[in-house]
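*Asks:* Just so you know, the protein sequences line up as chains Z and B, in that order. In case it helps, my numbering puts the first sequence at residues 1 to 287. In case it helps, my numbering puts the second sequence at residues 1001 to 1287. All residues carry an ideal CB built from backbone N, CA and C; glycine is no exception. Structure provided below as structure tokens; questions to follow.
Protein chains: 2
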Amino acid sequence: MPLPDRYLTSLYVRCEGRCLLIDCGEGTQSAIRSAGRRFKPIDTLLLTHYHADHISGLPGLLLTLGNEDRTEPLDVYGPPGLKRLMGAIKVIVPEVPFDIVCHELEGEEVFRVGDLTARCFKANHSVPCLGYCLTKNRPGRFDPEKAKVNRVPMRLWARLQQGEECEGFTPDMVLGMPRKGLKLIYATDTLPLDSLTELGKNADLMVLEGMFGGTDKDIRALETRHSTMDQSALLAKNAGAKELWLTHYSPANPHPEEYEDEVRTIFPNTVISADGQQTTLRFQEDV
Amino acid sequence: MPLPDRYLTSLYVRCEGRCLLIDCGEGTQSAIRSAGRRFKPIDTLLLTHYHADHISGLPGLLLTLGNEDRTEPLDVYGPPGLKRLMGAIKVIVPEVPFDIVCHELEGEEVFRVGDLTARCFKANHSVPCLGYCLTKNRPGRFDPEKAKVNRVPMRLWARLQQGEECEGFTPDMVLGMPRKGLKLIYATDTLPLDSLTELGKNADLMVLEGMFGGTDKDIRALETRHSTMDQSALLAKNAGAKELWLTHYSPANPHPEEYEDEVRTIFPNTVISADGQQTTLRFQEDV
């Protein structure tokens, strides 16, 4: 339920000029505008599940995208039921001037979103629900010695370095070992997922659920298949993540910042995120 | 399109503890909360038409009403297509714990909403669209002389005065002529409706569209079947309304208050209404 100073949970991810949005509850478009972000570059929606607090902003978003004269197709990913959902939403917004391409994700699937690789994984909620792992790969450094050994003509070096195959030569013939890229994990509406310890290994940022704070709410979280702030902090610690943002607080948890000290005893780099929270993830400096 | 400081147009009407809502674009539930109003007493929705800026907040509103443990049915009125629309919305919010009773309004119809009489009328928009006239009747004053002439036993006077029929006697047997009640007109998304001159006669409040200000936008308003601020002011004047609120401004009209002086030369009691605008309509003092 949106509170006056707290919109519903959504994440806007921008990479190399293209944008994707994870979930879109009512008010998300206002939140995007308040954060000074643009609608036009959004070409992909990733939906975790179809509880209304994650999708009730879709009609308004589609209307706004249409009003901005979008003609490029919009790719929408989500668990089974997506086509039925989007069919219903098109009754509400019938005149969208662009194609909506639905991709129903059955289980663990990997797909490309612009320069990012997206991997979905199953959450453990009361309805089929997915989390997403987004990675940006970083190729190895250019290695002229390797290029020479592989007898790559010098006129092709630049194109191969950019990742292009040409004349039978492949980029790995001129590049060193891939370097560490970027990894972002997004999972709300789920019991703690042990699989994230492995999948989220060395993640640059984990965005996890902080439905309830303290320990007196553990039972309530279990019953409703949500995670507490402590549980998510423990996952981030076990994965060796760089940073954790907690989000998706219960209306019964109006002041999650009160639990900051407690949560940080479990995982120090925890941010009790608030509306408009922003960061830029960068490749680590070369050593 | 919602702007950061301007939600989509909606009107919340409270009468004798019961509430109705006219239209519900995205963000309406946040606006209701910001205005300090409650969801629980809303038992009726009146929809003008099904463009997304008037209905995109319905999934979130239904979810919130459900979360407040509503079990009483919700009556929804709107032009033809309502059942199809609500069917689609129930795909988005499938687990609403109360009945939604759809009333499709074909043309000019009159129905009761609590203590109010609602009358719908056809607007002139690009799709079937309705306006609403809400009236609250005020019975005549108790007239003991009339009661005696009509040989009404004194023990029934109080109940008859409250509007109850008893033992074959009717309220009009103890009451004088009905006194002036209250009248509210609501019409957006329409070319100026000459019929409002008659229907809105002596209205206490007219809430009309101010899509565009100035005169350079007359053609644009005509093309899109909307009304300008000037046109609505002229309607309020011709109807002899007490007060006019302008609303439903175009995003291309971000500062409608700039037109206040101009509009008031047409109808002085014009309010360039803003989010959260509130008033209480009261019966006029007995003379």
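Check distances from the C-beta atoms of the stretch 1172-1200 of chain B to those of chain Z and list, in chain order, the residues that come in under 7 Å.
*Replies:* Listed by position along the chain: nothing, the set is empty.
*Asks:* Grab me the residues of isoleucine 1042(B)'s own chain with a C-beta within less than 6 Å of its C-beta, minus the 5 sequence neighbours each way, in chain order.
*Replies:* The residues are Cys1019 and Leu1021.
*Asks:* Taking glutamate 258(Z) as the reference, give the member of Met154(Z), Leu46(Z), Thr135(Z) and Met229(Z) with the closest Cα.
*Replies:* Closest option to glutamate 258(Z), Cα to Cα, is Met229(Z).
*Asks:* Can you tell me whether DSSP reads asparagine 1137(B) as helix, strand or coil?
*Replies:* Three-state result, asparagine 1137(B): strand.
*Asks:* Where does the unbroken alpha helix (DSSP H) through lysine 237(Z) begin, and where does it stop?
*Replies:* Taken as a continuous stretch (DSSP letters only), the alpha helix (DSSP H) holding lysine 237(Z) covers 229-239.
*Asks:* One question on the structure: do cysteine 1024(B) and serine 1034(B) come within less than 9 Å of each other, judged by their Cβ atoms?
*Replies:* No, the Cβ-Cβ distance between cysteine 1024(B) and serine 1034(B) is not below 9 Å.
*Asks:* Beta-carbon within less than 8 Å of glycine 1027(B)'s beta-carbon, same chain only, minus the 5 sequence neighbours each way: which residues are those?
*Replies:* Taken in chain order, the residues that qualify are Pro1002, Tyr1007, Leu1008 and Gly1057.
*Asks:* Can you name the residues that DSSP bridges to arginine 112(Z)?
*Replies:* DSSP output for arginine 112(Z) lists Thr117(Z) as bridge partner(s).
*Asks:* May I have the straight-line CA-CA distance separating proline 1097(B) from leucine 193(Z), to the nearest angstrom?
*Replies:* Roughly 31 Å separates the two Cα atoms.
*Asks:* Could you have a look at valine 263(Z) and say whether DSSP puts it in helix, strand or coil?
*Replies:* Note: valine 263(Z) maps to helix in three-state DSSP.
*Asks:* Is it the case that the stretch 156-163 of chain Z contacts the stretch 122-137 of chain Z, given that we only count it when at least three CB pairs across the two stretches are under 8 Å?
*Replies:* No, because fewer than three Cβ pairs between the stretch 122-137 of chain Z and the stretch 156-163 of chain Z fall closer than 8 Å, the two stretches do not touch.
*Asks:* Identify which residue in Gln29(Z), His54(Z), Phe39(Z) and Thr48(Z) has its Cα closest to the Cα of leucine 74(Z).
*Replies:* Among Gln29(Z), His54(Z), Phe39(Z) and Thr48(Z), the Cα nearest to that of leucine 74(Z) is on Phe39(Z).
*Asks:* Just to make sure I have the definition right: I need the residues of chain Z whose C-beta is within less than 9 Å of the C-beta of valine 1113(B). Which are they?
*Replies:* Within 9 Å Cβ-Cβ: nothing; valine 1113(B) doesn't reach chain Z, min ~24 Å.
*Asks:* Return the residue from the list Phe1111(B), Leu1061(B), Gly1066(B) and His1051(B) that minimises the CA-CA distance to valine 91(Z).
*Replies:* Nearest option by C-alpha distance: His1051(B).
*Asks:* Count the other CB atoms within 10 Å of the CB of valine 13(Z); is the residue buried (16 or more) or exposed (fewer)?
*Replies:* Its Cβ being crowded by 16 or more others within 10 Å, valine 13(Z) is buried.
*Asks:* Give me the DSSP bridge partner(s) of aspartate 1075(B).
*Replies:* Answer is Thr1044(B) and Val1101(B), bridged to aspartate 1075(B).
*Asks:* Strictly by DSSP, which residues pair up with methionine 206(Z)?
*Replies:* DSSP, once it has assigned bridges, lists Ile185(Z) and Leu244(Z) as partnering methionine 206(Z).
*Asks:* In whole angstroms, what is the alpha-carbon distance linking isoleucine 185(Z) and leucine 1205(B)?
*Replies:* Roughly 53 Å separates the two Cα atoms.
*Asks:* Report the partner residues of tyrosine 249(Z) according to the DSSP bridge assignment.
*Replies:* Tyrosine 249(Z) is not bridged to any residue.
*Asks:* Kindly list, in the order they appear in chain Z, the residues whose Cβ is closer than 8 Å to that of arginine 1006(B).
*Replies:* Ordered by position in chain Z, no residue passes the 8 Å Cβ test against arginine 1006(B), which lies about 10 Å from the chain.
*Asks:* Please find out if some non-hydrogen atom of the ligand SAH comes closer than 8 Å to the beta-carbon of leucine 1020(B).
*Replies:* Inclusion of the ligand SAH in the displayed structure is not the case, the ligand content being empty and no account of it being possible.
*Asks:* For aspartate 289(Z), which residues in chain B fall below 9 Å Cβ to Cβ?
*Replies:* Chain Z is shown only over 1 to 287; residue 289(Z) falls outside these bounds and no answer can be derived.
*Asks:* For glycine 213(Z), does the count of other Cβ atoms within 10 angstroms reach 16, so buried, or fall short, so exposed?
*Replies:* Answer is buried; the Cβ neighbour count reaches 16.
*Asks:* Per DSSP, what are the beta-bridge partners of glycine 1036(B) in this structure?
*Replies:* According to DSSP, glycine 1036(B) bridges with nothing at all.
*Asks:* By how many angstroms is the C-alpha of arginine 151(Z) removed from the C-alpha of aspartate 143(Z)?
*Replies:* Approximately 12 Å, taken between the alpha carbons.
*Asks:* So for glycine 1087(B), helix, strand or coil by DSSP?
*Replies:* Helix at glycine 1087(B).
*Asks:* Measure the alpha-carbon distance for lysine 1122(B) versus leucine 1046(B) and round it to whole angstroms.
*Replies:* Their Cα atoms are separated by approximately 13 Å.
*Asks:* Can you pull the chain D neighbours of valine 1091(B), defined as C-beta to C-beta under 7 Å?
*Replies:* Any reference to chain D falls outside this structure, whose protein chains are Z and B.
*Asks:* Residues of chain B with CB closer than 8 Å to the CB of glutamine 29(Z), please, in chain order.
*Replies:* Per Cβ cutoff of 8 Å: Pro1002 and Glu1026.
*Asks:* Relative to the alpha-carbon of lysine 83(Z), which residue among Lys146(Z), Phe283(Z) and Cys102(Z) has its alpha-carbon at the smallest distance?
*Replies:* Closest by alpha carbon: Cys102(Z).
*Asks:* So the beta strand (DSSP E) valine 271(Z) belongs to, where does it begin and stop?
*Replies:* Taken as a continuous stretch (DSSP letters only), the beta strand (DSSP E) holding valine 271(Z) covers 270-272.
*Asks:* Let me see if you follow: with CB-CB separation under 9 Å, is arginine 33(Z) close to chain B or not?
*Replies:* At least one chain B Cβ lies under 9 Å of arginine 33(Z).
*Asks:* Alpha carbon to alpha carbon, how far is serine 1232(B) from glutamate 1209(B)?
*Replies:* Cα to Cα, serine 1232(B) sits roughly 7 Å from glutamate 1209(B).
*Asks:* With the cut-off set at 9 Å, would you say arginine 179(Z) and arginine 141(Z) are in Cβ contact?
*Replies:* In this structure, arginine 141(Z) lies closer than 9 Å to arginine 179(Z) by Cβ.
*Asks:* Can you check whether the C-beta of serine 227(Z) is within less than 9 Å of a C-beta belonging to chain B?
*Replies:* False, the Cβ-Cβ gap to chain B never drops below 9 Å.
*Asks:* List, in order along the chain, the chain Z residues whose C-beta lies closer than 7 Å to that of glycine 1057(B)?
*Replies:* Under the 7 Å cutoff, chain Z gives Glu26.
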